[in-house]
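Novice: Take a look at this one; I'll ask things after.
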Amino acid sequence: MPTVLHLALASYTAGIVANTMVNSATSIVTNNDWPLIVTLAASVIVGFGMVVLFGYASNQRAIKRAKAQIQGNLLAVRLFQDQISAVLKSYVGILTSLGRYLRLSFAPLLIVIVPLTLLITQMDRYLGNTPISPGKPFLVKAHVSNADTLSDVALQDSTGLAVPAQVVRVPAESEVIWRVDGLPPGEQTLNVVFGGISVSKNIVVGNGMARLSSIRMRQPLWKRWMESGEPAIETGAAVESIEVLYPPRDIAIFGFGMGWLLWFFVFSIIAGFIFKSLLGIEI
Amino acid sequence: MMRARAFLTGQRRMLLAALLLAVIFTPAHAHAYAGPGAGFAVLSSFWTLFVAFVYSAYALLTWPFRTMLRLLRRRKAFAKAQIRRAVILGFDGMDPGLSARYMDEGKLPNLARLRDTGTFRNLRTTNPPISPVAWSTFMTGVNPGKHNIYDFLAVDRRSYLPFLSSAEIKGPKRRIHLGKYSIPLGKTEIKRMRRGTPFWHWLGKAGIFSSIIRVPVTFPPEKFPGVLLSGMCVPDLKGSQGTFCLCSTAAGGAFREGGTRVPMARAGAKLHSYIPGPENPLANPSAESPAEELRVPFEVVVNAAQNAAKITVGSSRKESFTIKLGEYSDWIPIEFKAGLGLNAHGICRFYLKQLAPEVEVYVTPVNIDPAKPDLPISHPITYSVYLAKMFGAFATLGLAEDTWALNEEVLDDDAFLAQCYGNHEARERQLFDALEKTPEGLCTCVFDSTDRVQHMFWRYLEKDHPATRGLPQYATHSDKPLVIENLYRRVDELVGRVMAKVDKQQNGKTLVMVISDHGFQNFARGFNLNAWLHQNGYLTLLPGKSESGDWFEDVDWSCTRAYTMGLNGLFLNMQGRERQGIVAPGAEAEALKVELTAKLSGLADTEAGRIAISGVWDTDDAYVGPYVENAPDLLIGYGDGVRASWDSVMGKVTSAIFEDNTKAWSGDHCVDPRLVPGVLFCNRTIAEENLAIVDVAPTMLKLFGLEPPSYYDGKAWTVAGIANK
Chain A
10 MPTVLHLALA
20 SYTAGIVANT
30 MVNSATSIVT
40 NNDWPLIVTL
50 AASVIVGFGM
60 VVLFGYASNQ
70 RAIKRAKAQI
80 QGNLLAVRLF
90 QDQISAVLKS
100 YVGILTSLGR
110 YLRLSFAPLL
120 IVIVPLTLLI
130 TQMDRYLGNT
140 PISPGKPFLV
150 KAHVSNADTL
160 SDVALQDSTG
170 LAVPAQVVRV
180 PAESEVIWRV
190 DGLPPGEQTL
200 NVVFGGISVS
210 KNIVVGNGMA
220 RLSSIRMRQP
230 LWKRWMESGE
240 PAIETGAAVE
250 SIEVLYPPRD
260 IAIFGFGMGW
270 LLWFFVFSII
280 AGFIFKSLLG
290 IEI
Chain B
49 MMRARAFLTG
59 QRRMLLAALL
69 LAVIFTPAHA
79 HAYAGPGAGF
89 AVLSSFWTLF
99 VAFVYSAYAL
109 LTWPFRTMLR
119 LLRRRKAFAK
129 AQIRRAVILG
139 FDGMDPGLSA
149 RYMDEGKLPN
159 LARLRDTGTF
169 RNLRTTNPPI
179 SPVAWSTFMT
189 GVNPGKHNIY
199 DFLAVDRRSY
209 LPFLSSAEIK
219 GPKRRIHLGK
229 YSIPLGKTEI
239 KRMRRGTPFW
249 HWLGKAGIFS
259 SIIRVPVTFP
269 PEKFPGVLLS
279 GMCVPDLKGS
289 QGTFCLCSTA
299 AGGAFREGGT
309 RVPMARAGAK
319 LHSYIPGPEN
329 PLANPSAESP
339 AEELRVPFEV
349 VVNAAQNAAK
359 ITVGSSRKES
369 FTIKLGEYSD
379 WIPIEFKAGL
389 GLNAHGICRF
399 YLKQLAPEVE
409 VYVTPVNIDP
419 AKPDLPISHP
429 ITYSVYLAKM
439 FGAFATLGLA
449 EDTWALNEEV
459 LDDDAFLAQC
469 YGNHEARERQ
479 LFDALEKTPE
489 GLCTCVFDST
499 DRVQHMFWRY
509 LEKDHPATRG
519 LPQYATHSDK
529 PLVIENLYRR
539 VDELVGRVMA
549 KVDKQQNGKT
559 LVMVISDHGF
569 QNFARGFNLN
579 AWLHQNGYLT
589 LLPGKSESGD
599 WFEDVDWSCT
609 RAYTMGLNGL
619 FLNMQGRERQ
629 GIVAPGAEAE
639 ALKVELTAKL
649 SGLADTEAGR
659 IAISGVWDTD
669 DAYVGPYVEN
679 APDLLIGYGD
689 GVRASWDSVM
699 GKVTSAIFED
709 NTKAWSGDHC
719 VDPRLVPGVL
729 FCNRTIAEEN
739 LAIVDVAPTM
749 LKLFGLEPPS
759 YYDGKAWTVA
769 GIANK
């Protein structure tokens, strides 16, 4: 039975949590912190969807049983701690049940992991990195098929003029790296030219959130789907890939910043935990 | 789920595996995460391993110290011990007469082996021979005057109303009222009424571990070095000793006791009803609105073609299942929501009784959920959680087998037996786990099915029982079902399995006892002692009344000298003790007791040709101890085939003194204790001939090398053939 002290503590804690949440929400909206908003929204939606999908695809009864066996064996270790043989048998029971639980989780994960991986890949285009800051230097890296021709590779802007940049050539890697001094805001195009063939690369300069493609490559569709967001480089070109090193994006909450995927991990687990309880689904 | 599993077969499975491999081998950091499913799986696995590791480290680091302590204590205990382990199998109500008969007929080979190689004796029971009394004596080694249990019910001498003799559950005394809520300040208080110390506490003090399962009158559980699951007297979630509910589309009268009828309303293809629960502990009752009953709704969708129904229980978090006609569901967890986030957790089983023309669903009493116990039903409290996790939900109610439902013809014989044996099988799993976990020390488990089945099916043993009279299918005695014989066969088979397990684990070092608290006999005739007292001038009704209601309604206490409530006790209406007592203590009371004893002893049931009362005892002579003042004044020993009538037990005065007992509850043991001794089997020989249940506790202490306390009433037996450690 709750006592007045319990109720008072609960009310006080709830007040603090509610106040913090309102403050954070206000801060997010007023600062137009879209990466955080998108991450939060995606986490809730994905948390819900994945829990439903997991519940549908899994053997709920068996998962419940396996989890109960793990808990039961853990309790046995405590209850019968002086009976060494019972404790050892309980450890074996824990490991066996854990194995069964992971096996039972694996089958639905096969289903869940496919759409989620594709979704995460696409979300990473928007949330994984920030655009190049206007006027700030950045690196462009081109990989060519023949290391002997590195000195002939040039970097030009969309009008065909050479882009002022410091160049480093790495024959061992068949790579040319330009340190570009800075570009004006907006969607820009840089061309890597070799032997009269020009290969373009899209670059986003600015602030906020945009769909970014770090690399343009020649690899097949499925690989490009996972890593690039641009058309394949033509087969005849000596340039195999062009990569722009966008700075990684940190999302800060209460002054603590980390990558969107980690926040997504945390938020979707919290959302999943809430939805699994509401929907009565064993995970 | 089936669809999902089917989806994962054959080529589709291969395709999915290929996709998974593609995903795994794609080098991008984002793919390491696969959503809450994987997140939870990984987190819980690591958490489990972490907890297991912490436990292991703790167990490993403290093991030398604990072992040293244990050895020191055990050296003291086991230095004089004759055994390393004792296994006591209690079968409530197992009758020595029937046991002997079935053994002689070759139907109980395992028990016969115990008889031939060890001991088989009658075990003198307590007076009265009622389970809570006898099992209290079993565990404490003392007479009722020292353990304070005289019946299931005791009488409140101020109000003449009954209360449960074994435990008192009180809500918090102080509450704060906030609008519609009344918030309790403090915890529910559970007061144990049984006095005396169970012998496993003495064993525990000597460092000997015990596993005690479902021994009656162990609620609330007491702290001791061992594990214990409480038995008889554990209430249901309503706080009663078991209240079933019958949900029906048909109208019907209320049940007298043990159950409630709940309407089931049709709404299109669905039927709606509810499970009644406890009163809302947060409700703020007023004169206008009485205490609010918590309820859990459920809906039924009938599938006539399959003779089944789909039942969905709950409002927010729903649990759905399908059961066929004449079948029970599994144990279904239910939550009664009181408000402010406070829930009461219970479990119950559904039985599809009828589909046409009316739909009827029987719901067992809502048992306390062993996985989330709202009241302590085990020691430690995690023991019931452990059992539920390992073996699934199980009945926790003290009187788990719903005899009232069979009595009221809500359940038929088969449905009742299915319920009994379902509970019995769960108990067997708990017993065998306890045997595993107690390689040394004491393992005791009491089975109730023997008592309940004999109570309800004794009618088939008798040639002409009022409860089976006129039933055409039992025209000849040999046609009658062999329910009780099958029960004894089941007991024998269980004993055989336990002996095999014991022999495998510890050849020759384990003492095995099979005991019962009392035997059984026919209950064909009911004797209303209150009616007899009324007709003989000892009990007076208000003017104009020839009968009373339940619990002495319409009794004129100012002219009443004696009354009875419960099964065997007779109370004087004593001055200074009863609120309206008129019998002076001392000479007048003694004279009245002598007078009543003389008149009641040997009283005949002339209509049935039976001796109705074969013995009357003065409790001042029968009991010794500090709690004798709480005992009835006289104990009535009913004769063969007779027991206190149903009305008499409930404090009702009827016009007839004797009546036929036409209920399914057709066997009983609340009679003259000389007629219903219990049984004792042992895998060792016992020298003494006259054995009593009160002797078990001192015998156990002696076998484990401990000196029985001086206040014990029992005497330790001489057990031969024990292999020393």
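Top line first, the protein sequences correspond to chains A and B. With my numbering as the guide, the letters of the first sequence map in order to residues 10 to 292. With my numbering as the guide, the letters of the second sequence map in order to residues 49 to 773. We put the beta carbon where it would ideally sit given N, CA and C, even for glycine. Since the model is a prediction, treat every value here as computed from it, not as a measurement.
Taking only beta-carbon positions, decide if residue 118 of chain B is within less than 8 Å of chain A.
Specialist: yes
Novice: Taking DSSP's pairing of strands, which residues face residue 718 of chain B in a bridge?
Specialist: DSSP lists no partner for residue 718 of chain B.
Novice: List the whole-angstrom C-beta distance separating residue 783 of chain B from residue 709 of chain B, where the pair is believed to meet the contact cut-off of C-beta under 8 Å.
Specialist: Any answer about residue 783 of chain B is impossible in this case: the structure gives chain B only from 49 up to 773.
Novice: If you reduce the DSSP assignment to three classes, tell me which class residue 464 of chain B lands in.
Specialist: helix
Novice: Anything in chain A within Cβ reach of residue 441 of chain B, meaning under 8 Å, just list it in chain order.
Specialist: Chain A residues near residue 441 of chain B: none, gap ~10 Å exceeds 8 Å.
Novice: Which residues in chain C sit within 8 Å of residue 484 of chain B, going by Cβ to Cβ distance?
Specialist: Absent here is chain C; the protein component of the structure consists of chains A and B.
Novice: Between the Cα of residue 557 of chain B and the Cα atoms of B:113, B:132, B:106 and B:114, which residue gives the shortest distance?
Specialist: Residue B:132 is the option with its Cα nearest to residue 557 of chain B.
Novice: Given that residue 142 of chain B touches chain A, what residues does it touch there, using C-beta distances under 9 Å?
Specialist: Going along chain A, no residue has its Cβ under 9 Å from residue 142 of chain B, so there is no contact; the nearest lies around 30 Å.
Novice: Could you list which residues in chain B have their beta carbon closer than 9 Å to that of residue 77 of chain A, in chain order?
Specialist: 419, 436, 437, 438 and 440
Novice: In three-state terms, what does DSSP make of residue 472 of chain B?
Specialist: helix
Novice: Where residue 314 of chain B and residue 348 of chain B are concerned, what is the direct C-alpha to C-alpha distance, given to the nearest angstrom?
Specialist: 9 Å
Novice: Would residue 198 of chain B and residue 685 of chain B qualify as a contact pair, given that the criterion is a beta-carbon distance under 8 Å?
Specialist: no
Novice: Cα-Cα, which of A:244, A:225, A:245 and A:197 is closest to residue 213 of chain A?
Specialist: A:197
Novice: Buried or exposed: which applies to residue 116 of chain B, given that a residue is buried once 16 or more other Cβ atoms fall within 10 Å of its Cβ?
Specialist: exposed
Novice: Tell me, please, whether the CB atom of residue 49 of chain A is closer than 8 Å to any CB atom in chain B?
Specialist: Among the CB atoms of chain B, none fall inside 8 Å of the CB of residue 49 of chain A.
Novice: Any beta-carbon of chain B closer than 8 Å to the one on residue 227 of chain A?
Specialist: Residue 227 of chain A does not count as touching chain B.
Novice: So is residue 326 of chain B in contact with chain A if we call contact Cβ pairs under 8 Å?
Specialist: no
Novice: Does residue 257 of chain B have its Cβ less than 8 Å from a Cβ in chain A?
Specialist: yes
Novice: What distance in whole Å lies between the Cβ atoms of residue 467 of chain B and residue 456 of chain B, which are believed to be in contact at a cut-off of 8 Å?
Specialist: Not really, about 14 Å apart at Cβ, beyond 8 Å.
Novice: Is residue 112 of chain B close to chain A, meaning its C-beta is less than 8 Å from at least one C-beta of that chain?
Specialist: The beta carbon of residue 112 of chain B does not come within 8 Å of any beta carbon belonging to chain A, so the residue lies off that interface.
Novice: For the pair the stretch 131–140 of chain A and the stretch 258–266 of chain A, tell me if three or more CB-CB distances fall below 8 Å.
Specialist: yes
Novice: Throw me the rounded Cβ distance for the residue 276 of chain A and residue 48 of chain A pair, which I believe falls under 8 Å.
Specialist: Confirmed, Cβ separation roughly 7 Å.
Novice: Residue 87 of chain A touches chain B at which residues, Cβ-Cβ below 8 Å?
Specialist: 103 and 430
Novice: Show which residues of chain A have a CB atom less than 9 Å away from the CB atom of residue 365 of chain B.
Specialist: 286, 287, 288 and 289
Novice: If we ignore side chains and look at the alpha-carbon of each, how far apart do residue 531 of chain B and residue 565 of chain B end up?
Specialist: Each residue's CA atom was taken as its position, placing residue 531 of chain B and residue 565 of chain B some 21 Å apart.
Novice: Kindly indicate which three-state DSSP category residue 202 of chain A falls into: helix, strand or coil?
Specialist: strand
Novice: If we call anything under 8 Å between Cβ atoms a contact, is residue 589 of chain B one with residue 603 of chain B?
Specialist: yes
Novice: Run through the DSSP bridge pairs and tell me what residue 665 of chain B is partnered with.
Specialist: Answer by DSSP bridge pairing, in chain order: B:683.
Novice: From the beta carbon of residue 157 of chain A, is the nearest beta carbon of chain B less than 8 Å away?
Specialist: no
Novice: Does the distance from the C-beta atom of residue 675 of chain B to that of residue 196 of chain B stay below 8 Å?
Specialist: Yes; because the gap between Cβ atoms is below 8 Å, this pair is in contact.
Novice: Output the distance between the C-alpha atoms of residue 20 of chain B and residue 96 of chain A, rounded to the nearest integer angstrom.
Specialist: Nothing can be reported for residue 20 of chain B: it is not among the residues displayed for chain B, which extend from 49 to 773.
Novice: I'd like the span of the beta strand (DSSP E) that includes residue 393 of chain B, first residue to last.
Specialist: Per DSSP, the unbroken beta strand (DSSP E) holding residue 393 of chain B starts and ends at 390–396.
Novice: From residue 678 of chain B to residue 77 of chain A, what does the alpha carbon distance come to, in whole angstroms?
Specialist: 46 Å
Novice: Output the boundary residues of the beta strand (DSSP E) element that contains residue 239 of chain B.
Specialist: Its beta strand (DSSP E) spans residues 237–240.
Novice: Name, please, each residue of chain A whose Cβ falls closer than 7 Å to the Cβ of residue 487 of chain B.
Specialist: 92 and 94
Novice: For my contact list, residue 186 of chain A and residue 148 of chain A are in at a C-beta cut-off of 8 Å; report their separation, rounded to the angstrom.
Specialist: 6 Å
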